[in-house]
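Residue numbers (the working numbering), protein chains in the order written: chain A, 1 to 316; chain B, 1 to 348; chain C, 1 to 354.
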Amino acid sequence: MTDQQQMDLRKDEVEAGTQTGLASPSVDVTSGRQNSLWSDAWGELRRNPLFWIGAVLGLVFTLMAVFPQLFARGAHPRSCDLANSRATPSAEHWFGFDQQGCDYLANVVYGARSSLIIGVTAVLVVLVLGVVVGAVAGYFGGFTDGLLSRLADIFYGLPLILGALVVLRSGVLGRGTFAVAIALAVFGWMTAMRLVRSQVIAVKSSDYVAAARAMGASSPRILVRHILPNAVAPVLVYATITIGVLIAAEATLTYLGVGLQRPAISWGLQIDAGQDLLRSAPHLVLFPSLVLTLTVMAFIMMGDALRDALDPRQRA
Amino acid sequence: MTRPERSTSVLPGTATPVLEVDDLHVEFRTRSGVVSAVNGVSYSLSEGQTLAILGESGSGKSVSAQAIMGILDSPPAVITGGGIHFEGRDLLTMSPEEQRRVRGPGISMIFQDALSSLNPVYSVGFQIGEMFRAHRGMSKRDAKKQAIELMDRVRIPAAASRVDDYPHQFSGGMRQRVMIAMAIALDPRVLIADEPTTALDVTVQAQVMDLLKDLQRDTGMGLILITHDLGVVNEVADDVAVMYAGRIVERGTVDDVFGNPAHPYTDGLMSSVPQVEAKGGRLLPIVGQPPNLAAIPSGCPFHPRCSRRRLGDAAAPGRECATDVPPLRLVAPAREAACHYSEEVLGV
Amino acid sequence: MSEPTTGATAASRVPSAAPGEALLEIRGLKKHFPLTQGIVFKRTVGHVRAVDGVDLTMRRGETVGLVGESGCGKSTVSKLLVALERPTDGQILYKGRDVARMSGRALKAYRREVQIIFQDPYASLNPRMTVGDIVAEGWAVHADIAPKKGRLQRTQELLDRVGLNPDYVNRYPHQFSGGQRQRIGIARALALRPEVVVCDEPVSALDVSVQAQVVNLLEDVQDEFGLSYLFIAHDLSVVRHISDRVAVMYLGSIVEEGTDAQVYGSPSHPYTQALLSSVPLHEPHLRGQKDRILLQGDVPSPADPPSGCRFRTRCWKAQDICAQEAPALVDRGQGHPSACHFAEARTVVPVDVE
């Protein structure tokens with residue numbers, strides 16, 4: 001076969017490939033630029049309505065946490081009048097009044113701050129602990145893995161609430177929002193760690209990691225470029241759901257008398273207080289639960305969209 | 001060379017067929033579109049005949065067998081047309097209950113992956129015996145005795161002492177033998193073997209293929225051998241049907257088809273495979289990739305990869321490769337091909 | 001098509017070996033994997049002798065085929081060669097230097113010159129990287145090969161060279177078929193301008209019609225880039241087609257070695273004979289013309305291999321000496337080395353007279 005014939009054959013193969021296997025390119029053809037996972041993921045996120053719904057909701061609640069006075073319709077959560085105790089919602093007071101006769105809308109709005117701080121801080125700590133410990137255990141394996149995994153098992157043995165209860169009772173961290181967040185995270189990171197660890201172990205033995213090692217790539221490079229992008233996706237989804245779980249756990253701690261204490265304002269405290277009055281004033285449970293659910297949904301939608309965006313195989 | 005026990009042809013009218021597949025159509029209806037996996041496939045199998053169905057991944061060769069066995073995942077798979085006649089009765093018009101009664105003892109199947117086809121928590125003897133307990137109502141003890149006998153028949157050494165072993169204690173080749181034992185337990189008239197040796201090493205493959213041939217000679221069952229391996233087809237089968245993009249593109253006896261292909265795809269396959277008996281020169285591959293079944297090319301599905309295609313004015317009227325679908329037609333005595341220009345390919 | 005540039009980086013590389021001389025020499029190579037028990041503190045209860053004394057020489061520009069059945073240790077040899085595993089014993093000499101003793105910079109330079117192509121085109125490409133990033137990754141590690149500026153263009157040249165549309169740099173692996181992915185893997189290996197490429201079953205996962213395309217591509221780039229291949233496969237036909245010399249492996253060691261004509265035409269080790277006689281031929285006129293040697297039993301466990309000759313438990317020639325003394329891989333008068341006390345050439349594959 002002459003060179004020319006070989007060139008023709010090759011050309012044929014390329015053309016046949018475009019005709020049969022993969023019709024027209026689904027990603028835009030080069031414009032002299034090299035896409036990366038992150039730039040493609042952002043392009044994907046921008047087109048996902050689910051992400052935008054989640055992002056807008058998340059932004060609203062964040063604003064609420066930072067500038068509650070903008071949302072409280074002029075009312076202050078601590079200016080109360082017992083005459084209004086448990087009044088139902090009206091045009092003037094959308095969410096009605098609580099048992100002390102305080103404007104409930106203002107209370108729910110002002111509660112966003114501590115609830116969000118607890119949820120987000122605790123989840124961030126869970127993520128950092130889970131990803132770092134899980135990646136180290138999974139990547140290095142052997143003795144390190146044995147030690148860290150057993151450590152996680154010990155923490156698993158202590159129930160989240162019980163552990164947090166003991167830590168908060170002891171008072172080493174104080175009793176503020178951050179103390180509650182840390183206490184919850186310290187006893188809630190193990191599942192994230194196990195998820196990361198198992199993913200890292202699976203990815204570590206894959207051929208593309210072997211190829212990178214055979215190429216001379218360093219351990220940090222392999223971790224950052226190959227292993228973590230492929231290992232964090234399930235953890236992201238887990239983390240978004242956990243935000244809700246942790247905000248709810250804060251409510252439980254409060255109920256047990258070790259979480260936030262009045263006069264602090266939080267959704268957990270409100271749901272807790274409302275439970276006793278569920279029959280006579282159901283709106284006291286309804287409204288904080290509703291905003292809590294919306295917050296959790298916002299994070300779950302963002303997490304879902306992010307996971308899909310980070311997985312090229314999910315793209316059409 | 002000739003082999004006396006070969007039956008002559010897959011073409012209709014020669015012997016009474018046990019199994020007939022007639023213009024079968026299967027689609028997969030997925031979220032991203034309709035995938036046409038089988039597009040009008042017909043073949044028949046008589047007693048004692050070995051029919052090889054040769055094709056690459058995505059050619060529809062396994063899907064048609066799954067349709068015969070009634071083990072298509074539906075949804076998404078839907079049989080959209082055609083018939084499957086076993087001993088003269090159309091399986092597709094029967095009630096599911098009736099289908100099970102007919103298929104159960106009549107047609108059986110073995111798969112590529114024997115390990116995942118066996119239940120890891122039951123001993124192999126129990127799983128083989130299950131066939132007799134479920135279909136023949138045998139007692140536990142009789143079923144076990146039968147299982148040992150079957151394990152002997154498929155040449156598992158020391159069957160009596162291994163009958164209580166679990167699947168993971170067997171090697172790949174031995175597991176495939178266990179699968180074969182289960183498949184022949186009820187003396188089926190048709191055995192479908194879907195890539196039975198693909199996962200096995202070449203020396204083990206030879207043992208398993210030998211076993212299948214011997215069993216077939218003893219029982220007279222019809223054997224459908226689904227494979228992508230030209231060598232296995234040549235050594236084991238009487239007749240071959242070559243599939244491409246859900247259609248049969250050529251069929252006839254193995255000697256005819258492999259000796260002188262009538263379809264450019266078969267021809268291309270033959271020249272892409274290196275030989276063990278000679279070093280050979282440069283391979284002549286088929287260009288391009290196998291087709292996407294969600295977007296099968298118009299006209300002849302093979303035309304984008306075909307070196308003999310005739311497009312536009314170069315084509316004879318009604319035989320334009322990109323627009324006219326070539327029917328499967330008689331191109332020489334006892335052989336069929338679906339190419340407008342088979343005579344040229346054959347060189348007659 | 002433009003030829004990728006060389007030269008600029010040649011100075012920094014290990015001095016080149018002259019053509020024909022040994023480029024890579026494997027001597028007494030062993031790899032034993034420990035079998036362990038325990039959770040935190042692991043206790044070794046035995047060893048799997050995956051590779052147990054392999055000798056092999058590869059010359060510049062040559063293709064050495066390594067055949068054997070699953071579990072014979074051929075893939076472990078490939079991992080040892082690209083320094084993904086450290087040998088338990090023995091040497092891998094690359095241009096005279098022992099790879100096992102290399103570290104740091106020397107190892108990095110070695111890894112640049114010895115590349116690997118994997119079997120499974122679905123597992124060997126990172127699903128979250130674009131094809132362009134995958135091919136160019138080697139340049140991020142070895143920055144001296146290609147200056148940052150022209151990398152995209154060079155990536156596109158490489159894609160074009162392996163028969164892919166250069167416009168596809170921003171696509172992800174899942175958008176390609178198996179054969180196309182294998183081409184991406186080849187481009188990734190070529191990007192480092194290696195001298196040796198270890199091909200670990202590079203075509204076994206591909207469809208028949210696509211296999212030939214990839215085999216041809218491997219042959220073309222070998223000539224063009226001056227590569228030496230270690231071609232590992234279980235498909236004896238493909239190995240014969242592509243290899244200059246062939247080594248047959250059984251249970252961790254090489255049992256026979258020679259040119260393709262010697263090993264296939266006059267195999268002298270019983271295992272090679274059995275292996276060759278099991279290969280189904282696809283020519284109707286050759287059917288039934290070969291001796292069929294059906295092996296009995298299964299391959300013994302590499303954790304507890306038989307004494308003496310590894311093959312004796314399944315061999316029809318075995319005698320007392322086979323259990324006592326392991327046969328050396330030497331020429332016993334049949335023209336090429338064979339590790340059998342009773343080596344004797346025998347034709348099992350019919351010679352194609354066409």
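Think of the CB as a built atom: it goes at the ideal place given N, C-alpha and C, for glycine as much as any other residue.
Could you pull the DSSP bridge partners for residue i from this structure?
i: C:Y229; result: C:T63 and C:V197
i: B:I53; result: B:I226 and B:A241
i: B:M109; result: B:I192
i: C:Y250; result: C:S253
i: A:F140; result: BP columns for A:F140 are empty, so no partner.
i: B:H85; result: B:E20 and B:D90
i: B:V34; result: B:R29
i: C:H32; result: C:R49
i: C:G258; result: C:V246
Whose Cβ in chain A lies nearer than 7 Å to the Cβ of residue i?
i: C:E219; result: Within 7 Å Cβ-Cβ: nothing; C:E219 doesn't reach chain A, min ~11 Å.
Run through chain C and tell me which residues come within less than 9 Å of residue i, C-beta to C-beta.
i: A:A210; result: K79, V82, L84, I116, F118 and S124
i: A:N48; result: Per Cβ cutoff of 9 Å: no residues; A:N48 is ~17 Å from chain C at best.
For residue i, name the three-state secondary structure that DSSP assigns.
i: A:V27; result: Low local confidence applies: a pLDDT of 36 at A:V27 is under 50, so the model's placement there is unreliable, with the coordinate-based value given in what follows. The answer is coil: DSSP assigns A:V27 none of H, G, I, E or B.
i: A:F97; result: strand
i: A:R169; result: helix
i: B:F132; result: helix
i: B:G352; result: One cannot answer for residue 352 of chain B here, as it falls past the ends of chain B, which runs 1 to 348.
i: C:I92; result: strand
i: B:N39; result: strand
i: A:C102; result: strand
i: B:D210; result: helix
i: B:Q169; result: helix
i: B:S44; result: strand
i: B:L92; result: helix
i: B:M270; result: helix
i: B:S298; result: coil
i: C:E350; result: Checking the sequence, you will find Pro at residue 350 of chain C rather than Glu. DSSP places C:P350 in coil when its eight states are reduced to three.
i: A:Q4; result: Note that A:Q4 scores a pLDDT of 46, beneath 50, so its modelled location is shaky; the value from the coordinates is reported in the next line. Correct three-state label for A:Q4: helix.
i: B:Q127; result: helix
i: C:E157; result: helix
i: B:E336; result: strand
i: C:P327; result: coil
i: B:T80; result: strand
i: C:V299; result: coil
i: C:E25; result: strand
I want to verify the contact list: residues of chain C whose CB lies under 7 Å from the CB of residue i, in sequence order.
i: B:G280; result: H241
i: A:G216; result: K108, R111, R112, V141 and H142
i: B:V232; result: P280
i: B:T203; result: E69, A274, L275, S278 and L295
i: A:P312; result: P127, R128, Y172 and H174
Measure from the alpha carbon of residue i to the alpha carbon of each residue in the options, then state which is nearest.
i: C:A109; options: C:P87, C:L206, C:T130 and C:A83; result: C:A83
i: A:L184; options: A:L294, A:V258 and A:P312; result: A:V258
i: B:S36; options: B:V276, B:G246 and B:A337; result: B:G246
i: B:D22; options: B:F126, B:P196 and B:V38; result: B:V38
i: C:P202; options: C:P121, C:C309 and C:Q37; result: C:P121
i: B:F111; options: B:D187, B:V63, B:M94 and B:R153; result: B:V63
Identify the contact partners of residue i in chain B, using a Cβ-Cβ distance below 8 Å as the criterion.
i: C:V349; result: V276 and E277
i: C:G284; result: Position check: residue 284 of chain C holds Pro in this sequence, whereas Gly was assumed. Ordered by position in chain B, the residues that pass the 8 Å Cβ test against C:P284 are M1, N234, V254, D255, F258 and G259.
i: C:G179; result: Q289
i: C:D260; result: K279
Should residue i be counted as a contact of the ligand FMN given a C-beta to heavy atom distance under 6 Å?
i: B:G280; result: Absent from the structure shown: the ligand FMN. Ligands present: none.
So which residues of chain A does residue i contact, with C-beta pairs closer than 9 Å?
i: C:D223; result: Chain A residues near C:D223: none, gap ~11 Å exceeds 9 Å.
*Could you tell me which uninterrupted alpha helix (DSSP H) segments, each at least 4 residues in length, are contained entirely in the region 219–305 of chain A, listed from first to last along the chain?*
228–231, 233–255 and 267–275
*Enumerate, from N- to C-terminal direction, the unbroken alpha helix (DSSP H) stretches of 4 or more residues contained entirely within the region 36–96 of chain A.*
37–46 and 49–66
*Mind pulling the alpha helix (DSSP H) runs of 4 or more residues that sit fully within the region 169–208 of chain A?*
177–186 and 190–204
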